[in-house]
Amino acid sequence: MQVPRAMDEQLRQLLTDFPAFREEKKAGQEFVKGELKTVQEKVEGAVNSHKEEMKANQEEVKASQGKMEGAIKTFKEEK
Numbered sequence: 321m322q323v324p325r326a327m328d329e330q331l332r333q334l335l336t337d338f339p340a341f342r343e344e345k346k347a348g349q350e351f352v353k354g355e356l357k358t359v360q361e362k363v364e365g366a367v368n369s370h371k372e373e374m375k376a377n378q379e380e381v382k383a384s385q386g387k388m389e390g391a392i393k394t395f396k397e398e399k
């Protein structure tokens with residue numbers, strides 16, 4: 321069975337273009353990996369920032385609670 325000339329030419333062109341396609345695919349994958357890493361770093365930074373903020377708020381609450389308990393104790397002693 322003989323392959324028609326047009327199909328033979330298409331096959332040759334496909335085989336010629338395939339390595340370039342693979343390189344484009346690889347470059348695209350590397351780009352996506354880089355973007356994902358950037359997003360992950362931003363998310364981690366935001367999470368760490370919120371953790372620090374929450375810790376500061378907790379310390380503030382504890383300090384306020386201590387002052388409040390001291391004031392209540394003083395008030396009860398004055399009665």
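Here the working numbering is used: the first residue of the sequence shown is 321, the next is one more, and so on.
Just so it is clear, CB atoms sit at the ideal spot from N, CA and C, and this is done for glycine as well.
A quick note: this is a predicted structure, and the numbers were derived from the prediction, not measured.
**Request:** To the nearest angstrom, report how far apart LYS357 and ALA347 are at their CA atoms.
**Result:** 15 Å
**Prompt:** How is PRO324 classed by DSSP in three states: helix, strand or coil?
**Reply:** DSSP, read as helix, strand or coil, puts PRO324 in coil.
**Asked** Helix, strand or coil: how does DSSP classify LYS399 here?
**Response** coil
**Message:** Using only the alpha-carbon positions, how far apart do GLU372 and GLN349 sit?
**Reply:** Cα to Cα, GLU372 sits roughly 35 Å from GLN349.
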